[in-house]
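According to numbering that gives the first Met the number 0, the sequence shown is numbered sequentially starting from 0. Just so you know, even glycine gets a beta-carbon here, dropped at the ideal spot from N, CA and C.
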Amino acid sequence: MAHRFLLDNYRQPVIYASVMATGFCEKVRRLRKIKQLRIKLVHIWSYIRLCSIAEETVTKHGNLYGIFSTVPNYMLTDADVYSMADLEDVQKGELFKIIAPIVKYGRYHVESCEHCSAQAFVCELCDERDDLLFPFQFERVERCDECGSLSHRKCAAKRRSNGKPCPKCMRIQQNLLVLIFLFWHLAKNSGRA
Numbered sequence: 000m001a002h003r004f005l006l007d008n009y010r011q012p013v014i015y016a017s018v019m020a021t022g023f024c025e026k027v028r029r030l031r032k033i034k035q036l037r038i039k040l041v042h043i044w045s046y047i048r049l050c051s052i053a054e055e056t057v058t059k060h061g062n063l064y065g066i067f068s069t070v071p072n073y074m075l076t077d078a079d080v081y082s083m084a085d086l087e088d089v090q091k092g093e094l095f096k097i098i099a100p101i102v103k104y105g106r107y108h109v110e111s112c113e114h115c116s117a118q119a120f121v122c123e124l125c126d127e128r129d130d131l132l133f134p135f136q137f138e139r140v141e142r143c144d145e146c147g148s149l150s151h152r153k154c155a156a157k158r159r160s161n162g163k164p165c166p167k168c169m170r171i172q173q174n175l176l177v178l179i180f181l182f183w184h185l186a187k188n189s190g191r192a
């Protein structure tokens with residue numbers, strides 16, 4: 000029955016990598032590389048789709064916005080979902096050949112585009128405003144699991160070695176405590192009226 004389902008849905012994105020056998024993606028080298036590229040693709044697309052300049056940007060493969068439209072929409076929005084055809088293309092190395100140049104040109108555009116750079120992040124720890132961070136820069140950026148803030152890997156390592164918590168998480172926690180106090184104070188005072 001499962002075999003028939005996969006055949007009937009050969010090109011449909013019905014396979015979620017995260018629910019495959021534990022560690023499967025990490026054990027299969029090509030799948031691990033594609034998953035990293037797909038995550039980058041999703042992040043880069045979130046910038047490209049909102050950038051009016053990207054529609055006018057031309058690469059050696061054509062219009063930047065246009066080359067993103069050559070991959071199925073689900074690949075631009077969800078890095079975890081695959082079709083059976085995608086998995087075969089991963090195994091053959093074909094999916095890498097398709098996605099790698101798109102990520103390369105998209106990354107170059109986002110990192111150098113004034114419009115896209117306005118949506119970049121500043122390291123939560125060193126606050127270096129001349130060194131903008133993007134979520135697809137895995138090799139140099141670390142994302143907080145709790146709040147999603149970005150910081151340089153070296154800054155995050157230094158923070159951890161000093162035993163300090165994430166500054167954005169601390170701000171969120173402090174703001175929450177202030178709100179709780181304000182609600183408590185309002186509730187307490189409204190009972191007096």
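In angstroms, rounded to a whole number, what distance separates the CA positions of R159 and R142?
-> 13 Å
Per-residue burial, W44 [other beta carbons within 10 Å of its own, 16 or more giving buried] = buried
For G147, three-class secondary structure by DSSP = coil
What's the call for E123, buried or exposed, on a 16-neighbour Cβ count within 10 Å?
-> buried
Span separating the alpha-carbon of G162 from that of A155 | 11 Å
Three-state class that DSSP yields for F120 in the structure shown | strand
Can M83 and Y9 be called in contact, C-beta distance under 7 Å?
-> yes
Provide the residue(s) that pair with E141 in DSSP beta bridges, ordered along the chain.
-> Answer is S150.
Contact the segment 55 to 72 vs the segment 133 to 142: 3+ CB pairs below 8 Å | no
Is the beta carbon of Y15 sitting closer than 7 Å to the one on V89?
-> no
To the nearest angstrom, how far is it from the Cα of F4 to the Cα of K167?
-> When only Cα atoms are considered, F4 and K167 end up about 46 Å apart.
Is A53 buried or exposed, if buried means 16 or more other CB atoms sit within 10 Å of its CB?
-> buried
Tell me, to the nearest whole angstrom, how far the beta carbon of V102 is from that of K32; I am working on the premise that it is less than 8 Å.
-> With a Cβ gap of about 11 Å, V102 and K32 do not count as contacting.
Burial state of S17, where buried means 16 or more other Cβ atoms lie within 10 Å = Counting Cβ neighbours within 10 Å, S17 comes out exposed, since fewer than 16 surround it.
Identity of the residue in K91, E87, V41, D85 nearest F67 by Cα = V41
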